[in-house]
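Below: one structure, written as structure tokens.
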Amino acid sequence: MQVSARRLALYPLALARSGRIRAPLLTPVHRLLCPSTRTLFSETGVWEKDYRTENRCRVEEWWHPRIMAQWQKDALEEAANRKKFYVLSMFPYPSGRLHMGHVRVYTISDTIGHFQRMRGHQVLNPMGWDAFGLPAENAAIERGLDPEEWTKSNIQSMREQLDSLGLCFSWDREVSTCLPEYYKWTQYLFVKLFEAGLAYQKEAVVNWDPVDQTVLADEQVDENGRSWRSGALVEQKLLTQWFIKTTNYAKPLLDALADLPEWYGVKGMQANWIGDCTGCYFDFKLKVNGVETGETLSAYSSSPETVFGAAYLAILPSHRLVRGSSSVRPSLEKAFQPGRDSLTEVTARNLFTGHEVPLIISHKEAFDGYLDTVIGIPDCSEEDLSVARALNLRWTSVLKSDQDGTQTLINSDEFSGLSREEAFNSITQKAREQKVGGHLTSSKLRDWLISRQRYWGTPIPVVHCGSCGSVAVPEEELPVTLPKLPSVTGKGASPLEAAHDWVNCRCPRCKGPARRETDTMDTFVDSAWYYFRYTDPHNPHRPFDRHLADHWLPVDVYIGGKEHAVMHLYYARFLCHFCQDQSLVAHREPFRKLLVQGLIKGQTFKLADNGQYLKRGEIDFTDKEPVALGGGRVEVTWEKMSKSKHNGLDPQEVVQQYGVDTVRLYILYAAPPEQDILWNVKTDALPGVLRWQSRLWQLVTKLRGARQLGDVPNPARLKKKELAEAKKIWENKNYAIIEVTSHFTEDFLFNAAISRLMGLTNTLSSATVRVLQHSVEFEEGLASLVMMTAPMAPHLASELWAGLCQIKNPLSPLLLRGGDVLQQAWPTVDPEYLKVPDFVELSVLINNKACGTVTVPLQVSKDTERAQQLILESPLGRELLGERSIKRAILSPRAALINFLVDE
Numbered sequence: 001m002q003v004s005a006r007r008l009a010l011y012p013l014a015l016a017r018s019g020r021i022r023a024p025l026l027t028p029v030h031r032l033l034c035p036s037t038r039t040l041f042s043e044t045g046v047w048e049k050d051y052r053t054e055n056r057c058r059v060e061e062w063w064h065p066r067i068m069a070q071w072q073k074d075a076l077e078e079a080a081n082r083k084k085f086y087v088l089s090m091f092p093y094p095s096g097r098l099h100m101g102h103v104r105v106y107t108i109s110d111t112i113g114h115f116q117r118m119r120g121h122q123v124l125n126p127m128g129w130d131a132f133g134l135p136a137e138n139a140a141i142e143r144g145l146d147p148e149e150w151t152k153s154n155i156q157s158m159r160e161q162l163d164s165l166g167l168c169f170s171w172d173r174e175v176s177t178c179l180p181e182y183y184k185w186t187q188y189l190f191v192k193l194f195e196a197g198l199a200y201q202k203e204a205v206v207n208w209d210p211v212d213q214t215v216l217a218d219e220q221v222d223e224n225g226r227s228w229r230s231g232a233l234v235e236q237k238l239l240t241q242w243f244i245k246t247t248n249y250a251k252p253l254l255d256a257l258a259d260l261p262e263w264y265g266v267k268g269m270q271a272n273w274i275g276d277c278t279g280c281y282f283d284f285k286l287k288v289n290g291v292e293t294g295e296t297l298s299a300y301s302s303s304p305e306t307v308f309g310a311a312y313l314a315i316l317p318s319h320r321l322v323r324g325s326s327s328v329r330p331s332l333e334k335a336f337q338p339g340r341d342s343l344t345e346v347t348a349r350n351l352f353t354g355h356e357v358p359l360i361i362s363h364k365e366a367f368d369g370y371l372d373t374v375i376g377i378p379d380c381s382e383e384d385l386s387v388a389r390a391l392n393l394r395w396t397s398v399l400k401s402d403q404d405g406t407q408t409l410i411n412s413d414e415f416s417g418l419s420r421e422e423a424f425n426s427i428t429q430k431a432r433e434q435k436v437g438g439h440l441t442s443s444k445l446r447d448w449l450i451s452r453q454r455y456w457g458t459p460i461p462v463v464h465c466g467s468c469g470s471v472a473v474p475e476e477e478l479p480v481t482l483p484k485l486p487s488v489t490g491k492g493a494s495p496l497e498a499a500h501d502w503v504n505c506r507c508p509r510c511k512g513p514a515r516r517e518t519d520t521m522d523t524f525v526d527s528a529w530y531y532f533r534y535t536d537p538h539n540p541h542r543p544f545d546r547h548l549a550d551h552w553l554p555v556d557v558y559i560g561g562k563e564h565a566v567m568h569l570y571y572a573r574f575l576c577h578f579c580q581d582q583s584l585v586a587h588r589e590p591f592r593k594l595l596v597q598g599l600i601k602g603q604t605f606k607l608a609d610n611g612q613y614l615k616r617g618e619i620d621f622t623d624k625e626p627v628a629l630g631g632g633r634v635e636v637t638w639e640k641m642s643k644s645k646h647n648g649l650d651p652q653e654v655v656q657q658y659g660v661d662t663v664r665l666y667i668l669y670a671a672p673p674e675q676d677i678l679w680n681v682k683t684d685a686l687p688g689v690l691r692w693q694s695r696l697w698q699l700v701t702k703l704r705g706a707r708q709l710g711d712v713p714n715p716a717r718l719k720k721k722e723l724a725e726a727k728k729i730w731e732n733k734n735y736a737i738i739e740v741t742s743h744f745t746e747d748f749l750f751n752a753a754i755s756r757l758m759g760l761t762n763t764l765s766s767a768t769v770r771v772l773q774h775s776v777e778f779e780e781g782l783a784s785l786v787m788m789t790a791p792m793a794p795h796l797a798s799e800l801w802a803g804l805c806q807i808k809n810p811l812s813p814l815l816l817r818g819g820d821v822l823q824q825a826w827p828t829v830d831p832e833y834l835k836v837p838d839f840v841e842l843s844v845l846i847n848n849k850a851c852g853t854v855t856v857p858l859q860v861s862k863d864t865e866r867a868q869q870l871i872l873e874s875p876l877g878r879e880l881l882g883e884r885s886i887k888r889a890i891l892s893p894r895a896a897l898i899n900f901l902v903d904e
């Protein structure tokens with residue numbers, strides 16, 4: 001029977017995990033791929049000389065369950081006094097199928113986790129599920145299923161897929177946001193926000209998705225006014241909604257960015273999202289004909305130090321007071337004159353100053369940013385002065401200019417005499433203390449709208465009582481669990497309205513009849529605190545124990561897509577700040593380092609005239625330019641992988657074709673994490689990592705063969721030339737340890753780390769037989785190479801280590817330690833290497849033209865290959881040489897310069 005190479009490459013990996021291990025399975029194809037005539041050293045003690053497809057299959061099948069089981073075992077035995085390392089990858093929505101983006105982010109976190117454990121750290125690398133939300137609800141509606149059943153089925157499927165990739169997560173800490181034991185504590189944190197005055201309900205003009213039948217945040221509407229998920233044209237609706245007052249934390253969240261390391265541009269995105277926090281809100285009580293209506297209105301001032309000089313309060317014609325069911329609406333309708341600033345009979349009392357000012361309806365369609373209510377202060381704005389004069393309003397002047405041009409306050413009670421800067425700080429601080437405003441924020445930032453009119457989400461733990469108003473559900477009655485519904489339609493009002501027995505309840509305060517809140521929370525609330533729960537996932541008494549959270553936080557490296565760099569990160573940071581203020585945790589910022597990864601893009605083909613996506617089989621590639629089989633010019637682009645674009649890849653099929661380690665190495669080598677990968681197996685990346693794996697295998701084969709020659713290793717037998725060769729190996733090994741360790745801890749350029757290991761591989765591959773046979777430098781260089789490869793290609797490295805540790809008469813104590821490769825200590829630099837004179841400035845020339853300098857270790861300045869590699873990895877090299885074809889690099893033997901000859 002003949003089987004094609006491609007067919008032979010398809011093999012399944014055994015699924016294994018402590019507590020969930022399934023017996024390794026061998027399919028008929030797998031048995032053909034791994035016939036009994038082939039052997040595996042770890043299994044039989046017989047070393048195969050070549051690393052073939054069948055070896056890769058056998059290696060990964062053998063080591064897969066053992067690596068995962070050892071990870072779980074080591075986690076249980078790790079000493080608590082070890083330095084902690086918390087590596088966190090953003091948890092997925094359980095769609096049921098992994099995509100290549102998942103493989104990329106989790107390969108990175110798994111690699112970092114293995115590396116940090118080899119460095120002696122107590123590692124936390126957890127996994128869970130962002131399991132609530134519209135996709136599951138819509139999918140369940142389409143299939144006539146319960147969203148819970150659909151979600152749990154998908155979780156099981158994706159958990160098995162993650163296991164099949166050999167990813168070593170801390171599965172004993174698994175969380176799922178749709179389980180009551182998790183969302184009980186989401187509700188608990190909401191109640192804390194409610195009690196602190198940070199969760200509130202108000203009427204608001206909101207974005208309504210007519211297809212998904214729910215409210216969308218502004219950030220979920222694209223520049224064309226369409227829903228980010230359904231693509232429907234968004235409508236504007238006036239609804240009573242729940243908000244979280246994130247604007248109160250705008251200035252602390254902005255200031256805290258300065259204490260964080262650079263986040264690949266994300267800090268700038270966060271700062272831009274928040275805006276310049278130069279103003280604040282003040283609270284006002286509304287009156288009609290001198291009688292307070294009971295309504296509170298918050299209004300923004302960009303110059304809060306001059307608040308005693310307010311002349312009026314202005315709202316937009318689109319404001320909820322104008323459009324909604326407010327008690328002041330009749331007065332506003334009566335006064336409103338389109339196209340003009342309209343003075344109304346409604347007045348507003350400033351709860352900070354005690355002053356009363358008239359309410360006007362502005363002729364404007366919009367104020368700055370997202371503002372819909374502003375304080376008019378004539379002393380600070382020519383426009384405010386013009387409006388006040390036009391409406392014949394009275395106000396108090398509060399600024400006095402001194403001879404030197406500085407301004408001080410007058411007519412401002414206790415703040416009179418202060419400079420504007422002093423008054424700014426004093427007034428805003430006192431307003432905060434009195435809880436009537438004063439929190440510094442920007443005009444472009446809105447509070448977080450969390451209401452969603454759907455079923456599959458965390459119920460908002462509030463009941464509405466005719467006597468008591470909105471009352472939070474007491475902690476002892478949490479969780480408020482989702483009721484079972486006969487069907488979920490997703491149309492009209494919130495589906496929870498149909499659960500009459502659930503909706504109708506008793507008020508926790510007065511015990512009278514009440515109704516439960518039927519909106520559910522935005523799923524961003526669930527994911528704003530999951531990193532806390534991982535530290536104490538099974539605690540039934542509180543969301544997490546402070547001692548455990550303080551031990552693990554902040555997260556040392558947080559890994560995920562750049563698309564979450566604004567909303568999710570902002571909400572997660574906000575909640576951490578709030579939890580610190582509630583004395584729940586010690587840390588104010590949840591994440592120390594952020595590693596954002598780019599997309600994996602696939603090649604797409606679409607008709608030029610109408611944009612219709614085509615499958616590869618629908619295209620004629622005979623000519624230079626592809627054309628559709630049915631006629632028509634075809635555009636070829638690279639886009640995010642998607643079934644609808646016919647450019648997606650099933651990760652399991654890719655793994656079955658190339659193997660886990662090859663896919664891991666490809667993902668890490670193809671591009672730096674923050675850059676996109678254009679998936680094309682014909683590029684150098686995939687053939688390159690396949691060749692490298694074979695070369696690593698050959699190095700172990702060569703050493704084992706050299707030690708079979710009969711001579712007992714004796715370094716004293718090496719001659720001068722061989723000693724120089726051994727020293728070069730020693731230098732290259734130490735240099736590689738420095739570089740790779742730096743890439744793993746500082747810049748996460750795993751592609752550069754692999755390049756450096758390839759360089760060490762080249763050095764070892766060129767070693768003569770006598771150096772192999774008699775030098776400890778070769779042994780330790782190869783041992784270090786295998787150990788540094790292990791976090792990235794754990795299955796191959798485990799087998800290489802097993803073969804390396806069984807050589808005859810080892811010279812290095814590294815090979816006598818015992819244990820598998822992932823249990824070894826990460827290689828360290830020899831102290832003697834660090835004693836060598838430090839660094840030199842190497843001048844870089846391109847086609848004989850000086851372009852700059854790069855600082856390199858002295859040893860590197862004398863090695864063309866190492867110097868070229870280091871320069872190409874430097875910012876100067878990436879900028880000037882990254883996209884150019886290098887014909888030759890010439891390192892001067894007399895001066896500290898290197899000349900790159902490139903194609904013009």
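Numbering (the UniProt record's numbering), first residue to last: 1 to 904.
Ideal Cβ positions, reconstructed from N, Cα and C, are used throughout, including at glycine.
Values in this document were obtained by computation on a predicted structure and should not be read as measured data.
Discussion item. Is it the case that the segment 733-745 contacts the segment 781-796, given that we only count it when at least three CB pairs across the two stretches are under 8 Å?
Written reply: Contact holds between the segment 781-796 and the segment 733-745, because three or more Cβ pairs, one in each stretch, are under 8 Å apart.
Worksheet item: Given a threshold of 16 other Cβ atoms within 10 Å of its Cβ, counted over all protein chains shown, does Ala79 qualify as buried or as exposed?
Response: exposed
Practice prompt. Answer yes or no: do Phe132 and Thr662 have a C-beta to C-beta separation smaller than 7 Å?
Written response: no
Worksheet item: From which residue to which residue does the beta strand (DSSP E) around Leu316 run?
Response: Unbroken run through Leu316: none, as it is neither H nor E.
Discussion item. Please report the straight-line C-alpha distance between Ala388 and Tyr570, rounded to a whole angstrom.
Written reply: 38 Å
Worksheet entry | Own chain partners of Val396 with C-beta closer than 6 Å, once the 5 adjacent residues on each side are dropped | The sequence as given places Thr at residue 396; Val does not occur at that position. Result list for Thr396: Gly309 and Asn411, in chain order.
Discussion item. Using 7 Å as the threshold, is the C-beta distance between Lys250 and Cys277 below it?
Written reply: First, the amino acid is wrong: residue 250 is Ala here, not Lys. Yes.
Discussion item. Using a Cβ distance threshold of 8 Å, determine whether the segment 884-902 contacts the segment 757-770, with at least three qualifying pairs required.
Written reply: no
Worksheet item: In terms of residues, what are the limits of the alpha helix (DSSP H) holding His64?
Response: Thr53 to Glu77
Worksheet item: Do you know how far the Cα of Leu260 is from the Cα of Val771?
Response: 48 Å
Discussion item. Please state whether the Cβ-Cβ distance between Pro554 and Ala572 is less than 7 Å.
Written reply: no
Item to complete: Can you tell me which of Asp74, Lys184 and Pro794 puts its alpha carbon nearest to the alpha carbon of Glu476?
Response: Lys184
Worksheet item: CA-CA distance, Leu718 and Arg52?
Response: Just so you know, the alpha carbons of Leu718 and Arg52 end up roughly 34 Å apart.
Discussion item. For Asp209 and Thr518, what's the separation of their Cα atoms in angstroms?
Written reply: 18 Å
Discussion item. If we require 3 or more residues per run, which beta strand (DSSP E) segments fall completely within the segment 378-437?
Written reply: 399-401 and 407-409
Worksheet entry | Contact check, Met269 vs Val654, beta carbons under 7 Å | The answer is no: Cβ separation not under 7 Å.
Item to complete: Determine contact between the segment 458-475 and the segment 191-203, defined as no fewer than three beta-carbon pairs at a distance below 8 Å.
Response: yes
Fill in: contact_flag[the segment 591-609, the segment 672-682] where n(CB pairs < 8 Å) is 3 or more
yes
Discussion item. Within a Cβ cutoff of 6 Å, which residues of the same chain sit near Thr106, ignoring the five residues on either side of it in sequence?
Written reply: A small fix is needed here, since residue 106 is Tyr in this sequence, not Thr. These residues qualify, in order along the chain: Ser89 and Leu167.
Item to complete: Determine which residues share a DSSP beta bridge with Asp283 and list them.
Response: For Asp283, which the question treats as bridged, DSSP gives the partners Ser298.
Discussion item. Based on DSSP bridge pairs, tell me the residues matched to Lys49.
Written reply: Its beta-bridge partners do not exist; DSSP assigns none.
Practice prompt. From the DSSP output, in three-state form, read off residue 909 for me.
Written response: The structure shown has nothing for residue 909, since the chain only spans 1 to 904.
Discussion item. Measuring CB atoms only, is the segment 121-137 touching the segment 614-628, in the sense that at least three cross pairs come out at less than 8 Å?
Written reply: no
Discussion item. Assuming the contact rule is C-beta atoms closer than 8 Å, Leu678 and Asn751 should be a hit. Round their C-beta distance to whole Å, please.
Written reply: With 8 Å as the limit, Leu678 and Asn751 do not qualify as a contact, their Cβ atoms being about 14 Å apart.
Worksheet item: Leu876: which of Phe900, Ser443, Ser755 and Pro508 sits nearest, CA to CA?
Response: Phe900
Item to complete: Could you pull the start and end residues of the beta strand (DSSP E) that Val557 belongs to?
Response: Val555 to Gly561
Worksheet item: Tell me which same chain residues have a C-beta within less than 7 Å of the C-beta of Ala514, skipping the five on either side of it?
Response: Val463, His464, Cys465, Cys505, Arg506 and Cys507
Worksheet entry | For Asp209: DSSP bridge partner residues | Thr214
Worksheet item: Unbroken alpha helix (DSSP H) runs of length 4 or more, entirely within the segment 177-203: which are they?
Response: You should have 180-195.
Item to complete: Select from Lys511, Ala628, Tyr312 and Pro378 the residue whose C-alpha is nearest the C-alpha of Phe284.
Response: Considering only Lys511, Ala628, Tyr312 and Pro378, the residue with the shortest C-alpha distance to Phe284 is Tyr312.
Worksheet item: Do you know whose CA, among Val211, Gly852, Asp110 and Val480, lies nearest Arg229's CA?
Response: Val211
Fill in: CA nearest to the CA of Lys640, picked from Glu563, Leu686 and Gly630
Nearest C-alpha to Lys640: Glu563.
Fill in: Nearest-angstrom Cα separation, counted from Lys364 out to Pro479
45 Å
Discussion item. So Gln603 and Asn647 are supposed to be a Cβ contact under 8 Å. How far apart are they, rounded?
Written reply: 6 Å
Practice prompt. Tell me whether Glu235 sits in a helix, a strand or coil according to DSSP, three-state version.
Written response: Here Glu235 sits in strand by DSSP.
Worksheet item: What number of angstroms, rounded off, separates the C-alpha of Arg119 from the C-alpha of Leu297?
Response: 56 Å
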